[in-house]
Amino acid sequence: MTGTFLNGGSCIKLADPGAIALTANVPVHFANDPTKKLQRFNSWIKGKGWTPEDRTGGYPFKANNQFVMEWSAENRTTIRVIVDGKFWKLFSREDLSNIEQLDFSYFIRISSVKLCRQEIETTTPEIPTTTPSPPTCPNEVLITNVSIGNVNLLNYGFGIGFTEGKSIIMTGTLLNGGSCIKLGDPGVLLQTADAVFHFSPNNVAKHVICNSWMKGKGWTPEDKSGGYPFNPNNQFELQWIAEPNNIVKIYVDRKFFRTFSREDLSKVVQIDFSYAIRISSIKLCREEIETTTPEIPTTTPPPPTCPNEVLITNVSIGNINLIKYGFGKGFTVGKSIIITGTFLNGGSCIKLADAGVITVTGNVPFHFATDPTKKLTICNSWMKGKGWTPEDRSGVYPFNPNNQFFMEWVAEPNNTIRLNVDGKFWKTFSREDLSNIEQLDFSYFIRISSVKLCRQDIETTTPTIPTPPPKCPNEVLITNVSIGNVNLLKYGFGIGFTVGKSIIMTGKLLNGGSCIKLGEEGVLLQTANAVFHFSPDNVAKHVICNSWMKGKGWTPEDKSGGYPFNPNNQFELQWIAEPNNIVKIYIDRKFFRTFSREDLSKVVQIDFSYAIRISSIKLCREEIETTTPEIPTTTPPPPTCPNEVLITNVSIGNINLIKYGFGKGFTVGKSIIITGTFLNGGSCIKLADAGVITVTGNVPFHFATDPTKKLTICNSWMKGKGWTPEDRSGGYPFNPNNQFFMEWVAEPNNTIRLNVDGKFCKTFSREDLSHIEQLDFSYFIRISSVKLCRQDIETTTPTIPTPPPKCPNEVLITNVSIGNVNLLKYGFGIGFTVGKSIIMTGKLLNGGSCIKLGEEGVLLQTANAVFHFSPDNKAKHVVCNSWMKGKGWTPEDKTGGYPFNPNNDFVLEWIAEAGNTIRINVDGKFFRTFSREDLSKVVQIDFSYAIRISSIRLCRADEIPTTTITPTTPPPNVPCPYFSLKLDLVIPIAINLENGFKPGKHITIIGTPTDQFPDFVVGLGEPGIMRETANVLFSFSPQLNSKSVTVNTLIIGIGWETELTYGHSPFKVGEPFVLEIKAGLNNQIEVFVNYVAYLRFTRHDLSKVSQIQIIRAVKVCSIVTCN
198 MTGTFLNGGS
208 CIKLADPGAI
218 ALTANVPVHF
228 ANDPTKKLQR
238 FNSWIKGKGW
248 TPEDRTGGYP
258 FKANNQFVME
268 WSAENRTTIR
278 VIVDGKFWKL
288 FSREDLSNIE
298 QLDFSYFIRI
308 SSVKLCRQEI
318 ETTTPEIPTT
328 TPSPPTCPNE
338 VLITNVSIGN
348 VNLLNYGFGI
358 GFTEGKSIIM
368 TGTLLNGGSC
378 IKLGDPGVLL
388 QTADAVFHFS
398 PNNVAKHVIC
408 NSWMKGKGWT
418 PEDKSGGYPF
428 NPNNQFELQW
438 IAEPNNIVKI
448 YVDRKFFRTF
458 SREDLSKVVQ
468 IDFSYAIRIS
478 SIKLCREEIE
488 TTTPEIPTTT
498 PPPPTCPNEV
508 LITNVSIGNI
518 NLIKYGFGKG
528 FTVGKSIIIT
538 GTFLNGGSCI
548 KLADAGVITV
558 TGNVPFHFAT
568 DPTKKLTICN
578 SWMKGKGWTP
588 EDRSGVYPFN
598 PNNQFFMEWV
608 AEPNNTIRLN
618 VDGKFWKTFS
628 REDLSNIEQL
638 DFSYFIRISS
648 VKLCRQDIET
658 TTPTIPTPPP
668 KCPNEVLITN
678 VSIGNVNLLK
688 YGFGIGFTVG
698 KSIIMTGKLL
708 NGGSCIKLGE
718 EGVLLQTANA
728 VFHFSPDNVA
738 KHVICNSWMK
748 GKGWTPEDKS
758 GGYPFNPNNQ
768 FELQWIAEPN
778 NIVKIYIDRK
788 FFRTFSREDL
798 SKVVQIDFSY
808 AIRISSIKLC
818 REEIETTTPE
828 IPTTTPPPPT
838 CPNEVLITNV
848 SIGNINLIKY
858 GFGKGFTVGK
868 SIIITGTFLN
878 GGSCIKLADA
888 GVITVTGNVP
898 FHFATDPTKK
908 LTICNSWMKG
918 KGWTPEDRSG
928 GYPFNPNNQF
938 FMEWVAEPNN
948 TIRLNVDGKF
958 CKTFSREDLS
968 HIEQLDFSYF
978 IRISSVKLCR
988 QDIETTTPTI
998 PTPPPKCPNE
1008 VLITNVSIGN
1018 VNLLKYGFGI
1028 GFTVGKSIIM
1038 TGKLLNGGSC
1048 IKLGEEGVLL
1058 QTANAVFHFS
1068 PDNKAKHVVC
1078 NSWMKGKGWT
1088 PEDKTGGYPF
1098 NPNNDFVLEW
1108 IAEAGNTIRI
1118 NVDGKFFRTF
1128 SREDLSKVVQ
1138 IDFSYAIRIS
1148 SIRLCRADEI
1158 PTTTITPTTP
1168 PPNVPCPYFS
1178 LKLDLVIPIA
1188 INLENGFKPG
1198 KHITIIGTPT
1208 DQFPDFVVGL
1218 GEPGIMRETA
1228 NVLFSFSPQL
1238 NSKSVTVNTL
1248 IIGIGWETEL
1258 TYGHSPFKVG
1268 EPFVLEIKAG
1278 LNNQIEVFVN
1288 YVAYLRFTRH
1298 DLSKVSQIQI
1308 IRAVKVCSIV
1318 TCN
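Sequence positions in the sequence shown follow the working numbering and run 198 to 1320.
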């Protein structure tokens, strides 16, 4: 099952026949509530009712992602549950043999259900005599994923000519309109090459045309005889058989259709498909070539090169020590092995193995087995402690049972082996580390004629093997980590830092001391022990290891081991739990030291503080199953790719998407799947409009990555604007040692969803994607393949959608219920004034609906509704007017007609213009204007009655206030009977406020952001050390790079709560500001920037606030605190 759990409880049931939970047993009942992070399994049985709940196994679902859940029947009572490709748990309780129903209820959205069964029913053993047997295909060559276009038959060993003994079998679907299949001589068809046979079925006209096109003659007369044999709703199977005298015998769906004979077929070298046809597969069939007819030299692939060849002949089955033959250790890039021989009847094995006794003390990273009697090949590995890994039986059987084989194994990057058979690429295999290979072994039913060992480099010294990245079984990756506290239980890490667990952290040490603590449950350094404290100091150049224990305090410091960090580089820090409460510490993949002092069995949290920036945390734990010894490594299925167009051997450069039938625009229903490798250095992938990229062609989406810096950038380039701000969010999802698999999915509202290696990475939405025509690759990237996927094949020219309205400095609000939206909370400021606009999407229901812009207060009571917009889907009119205190409703204005389509979603845009005028656009078209009341005090928008709102975009072009504030500007003249003034402060600083933050108190800060850090933070806190022992009840943090402001609260023992982000940040490096923080009623905090209202925030009781703290990238000129 794939789907999404919505907020609230949901249920999935497997039930016997009958009314569920009444007359029908429910052997399996699964209930889930994402809001409570709660799941349970149980059953309902007639006469018993609900059985006890099983809540074991933690919570495996990600809150914001679609799930993939697999239920696998193990025996008569047990199901195995796999979530997102990882084993989760077993449930075994009642008899499953009578299951007939699958039931979904409550708050769940199901995308798809796949029903899978291995067994073939034995009740119908014989094939009905009415079904024709499939056509035979001697020496079959199968071609799949065929895009319409041209297939060179010589490349597939079909030889020249469509002559007796040859046939072609095609499967596919005819679309509406005419289609063409041509057999052609060498050259450009219909120009320099004859189309000696042209076959053209037409699903609309219901006829088939057979004729030819010849140079100097053009098209020959059309032959439409034979009727129309195709079923327009079904996939077809079309077979052409070459017979004597240039006759083509034609079968459709295994029934004879007709013959055709007109031109000489002896020079055919190509088959071509065009227009309204979709081809699924082609089989090229040819009977054995007589020995008197030599093969055409141009079709025989040359033998592979073998640099520095070592030839071994007369090889008996057994073992070859590769070291003794000078092949060196490892099967690495630059090496290959060429084997010639014969597979005998029965199974045979070829193994590449490490040193030791094979499958006893020596790993077998690559095992190749074949059985010619079963036409079967197996690739897998044998590893100490794991045994045999899952079998890979993919790939058609490539060996000719009557011939000697010629097999080449080529070592490629990322522990990949490329297998070529008889001079043709067959498949690749990649699973285990190949760097320690020392043996080549043959066994069972195989006869080896020769082995060639090939290597491009003869090394005179022992090459250094790069340190592999640390292993992380059952990895949980946490990115965008702010300093603070991480609750390990919430991430399924369990209690304790015990054997089988490890933690891998990446980040950067700043100047000064930093702390990382492993702690027990509670408030660290107060009610909770910090059993392991790790404190590197970039200035003092030492690392302190010790502990803090209740009743003891800090234990003695251990500074042994030197200083392993590079102060200018990002670090990778790995802690491995070993027996006897030992922590083994690696830094940048090199052993540093061990530490053992306190009991680690109760660890539930990890905490970061002071001069450290954390990029990512990986929580790793080996699965310890007490009841089920083996856990299948289910790989998440690859993404679907409807109407796939596969492009391989892609060089860096440009792909014209129009030429590949992808159509214009990257819109809903389309996706692009890219596989390749990022090389060292920066690389770029761009989706671009028509024109010269970054000159006359816009780049609505630019994706750049640099594996050396572990950095990704998403942004755009637009004519007249240039490069837009960089979005570096989402961490670095690529494995630097592996090929990547990246999927871009077009979603509504010009949004691109990025999935990397089968996992969701991030979304990006900025510019209009409806004009995309190009996909471009540049710089340090190697592309293996590109798949273009689209759900719809359009038979007519699609209309280009109206581009969405522009929305500068957009704030997007989704999942809007009807009711009231406070615009101040979203950083929209006071007033609906020039430079601002609001874009709403939704649907009008039957009846009248209302949208109001209002001033502060209760609308239609204490607050004016200065603009009231009321469309009515029944009356087919729009009323515009206002409601004013003391006046009531003003006259209704119904001019302009009715612009809404009652059956469609709408896009409604309001643009603030001069003179308190609102310009109204509906679905991208101008509707009317309205001007009546003063709009300068607007702070809310309200929706009511028969309307459903999908999204609101708040847009404002007036990002920077025009008033320049200088450091000498005096603080605002506000009533302040008791105040404190501090000048030229040194940051960081904490100032005592005393007696809570109550109405009447306010703080004025005059300062200038610096470029020392990417942000600065102003915090209001309770008594104690803020972020260590004291709650931070208001954290105000301007993000200087992303031009946003984040607001949050930190509760000691719980951690950071929900973070709010506000756009239109007025803070810029080097530009002075005036920041006012005022205490309002009911624990509300009001923030003004440069004397303009910016936001209001309410979350916790402020009566215990006793201090203000300012840290990071800001220079403060003065602080005035008013009591």
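Even glycine gets a Cβ: it sits at the ideal position worked out from N, Cα and C.
Per the Cβ contact rule, the stretch 1083-1100 is not in contact with the stretch 1140-1157 (fewer than 3 Cβ pairs under 8 angstroms).
Put simply, of Ser-289, Thr-837, Glu-970, Cys-482 the residue whose alpha carbon is nearest the alpha carbon of Ser-309 is Thr-837.
Residues of the same chain with a CB within less than 6 angstroms of the CB of Glu-484, apart from the 5 flanking positions on each side, are Pro-335, Gly-362 in chain order. Setting aside the 5 residues that flank it on each side, Gly-1193 is surrounded in the same chain by Leu-1299, Ser-1300, Lys-1301, Val-1302, each with a C-beta closer than 7 angstroms to its C-beta; the list follows chain order. If you ignore the 5 residues before and after Gly-527, its C-beta comes within less than 7 angstroms of the C-beta of Leu-631, Ser-632, Asn-633, Ile-634, all in its own chain and listed in chain order. When secondary structure is reduced to three states using DSSP, Lys-234 falls in the coil class, being assigned neither helix nor strand.
Sequence-distant Cβ neighbours of Ile-803 in its own chain, meaning closer than 8 angstroms and more than five residues away, are Asn-682, Val-683, Leu-685, Ile-700, Ile-713, Lys-714, Leu-715, Gly-716, Ile-814. Residue pairing from DSSP places Thr-1295 in a beta bridge opposite Gln-1281.
Secondary structure in the stretch 412-493: the beta strand (DSSP E) runs of 3 residues or longer, each lying completely within the stretch, are 433-440, 444-449, 452-458, 467-483 in chain order. The straight-line gap separating the alpha-carbon atoms of Phe-1140 and Val-1214 is approximately 36 angstroms. DSSP, reduced to helix, strand and coil, places Leu-1132 outside both helices and strands of the structure shown, so it counts as coil. Around the C-beta of Thr-570, fewer than 16 other C-beta atoms lie within 10 Å, and the residue is accordingly described as exposed. With a beta-carbon spacing of about 18 angstroms, Ile-1200 and Asn-1228 fall beyond the 8 angstroms limit used to define contacts.
Annotation for Lys-1049: the continuous beta strand (DSSP E) segment containing it runs 1033-1051.
Counted as a single uninterrupted DSSP element, the stretch harbouring Tyr-929 is not any beta strand (DSSP E), since DSSP gives it neither H nor E. A direct Cα-to-Cα measurement between Asn-763 and Gln-771 gives close to 15 angstroms. Taken in chain order, the complete beta strand (DSSP E) segments of 3 or more residues contained in the stretch 577-618 are 602-609, 613-618. Taking 8 angstroms as the cut-off, the beta carbon of Pro-1211 is found no closer than this to the beta carbon of Asn-1245. Residue pairing by DSSP places Gln-636 opposite Asn-518, Ala-550 in a beta bridge. The three-state reading of DSSP puts Lys-956 in strand, counting E and B together.
Judged by DSSP in its simplified three-state form, Asn-352 adopts helix.
Rounded to whole angstroms, the gap between the alpha carbons of His-730 and Ser-744 is 5 angstroms.
Using a Cβ distance threshold of 8 angstroms, Asp-973 and Ile-890 count as a contacting pair.
Tyr-783 and Gly-955 have their alpha carbons spaced roughly 29 angstroms apart. Between Arg-1116 and Ile-1203, the alpha-carbon positions lie close to 38 angstroms from each other. A contact between stretches requires three or more CB pairs, one per stretch, nearer than 8 angstroms, and the stretch 548-556 meets this requirement with the stretch 634-646.
Residues Asn-1043, Gly-1044 of the same chain have their beta carbon placed closer than 7 angstroms to that of Lys-1071, with the five preceding and five following residues left out of the count. The continuous beta strand (DSSP E) containing Ser-868 extends over residues 867-885. With distances taken between CA atoms, Gln-988 lies nearest to Val-942 out of Val-942, Ile-575, Trp-241, Lys-412.
Burial state of Val-280 is buried, judged by a 10 Å Cβ sphere holding 16 or more other Cβ atoms. Here the alpha carbon of Leu-211 sits roughly 7 angstroms from the alpha carbon of His-226. A residue is called buried when at least 16 other Cβ atoms come within 10 angstroms of its Cβ; Gln-467 meets this threshold and is buried. Scanning its chain for C-beta atoms nearer than 6 angstroms, with the 5 sequence neighbours on each side dropped, one finds around Lys-1240 the residues Ser-1262, in chain order. DSSP, read as helix, strand or coil, puts Leu-1217 in strand.
The Cβ atoms of Val-530 and Ala-608 sit closer than 8 angstroms to each other. Between the stretch 342-352 and the stretch 429-442 there are fewer than three C-beta pairs closer than 8 angstroms, too few to call the two in contact.
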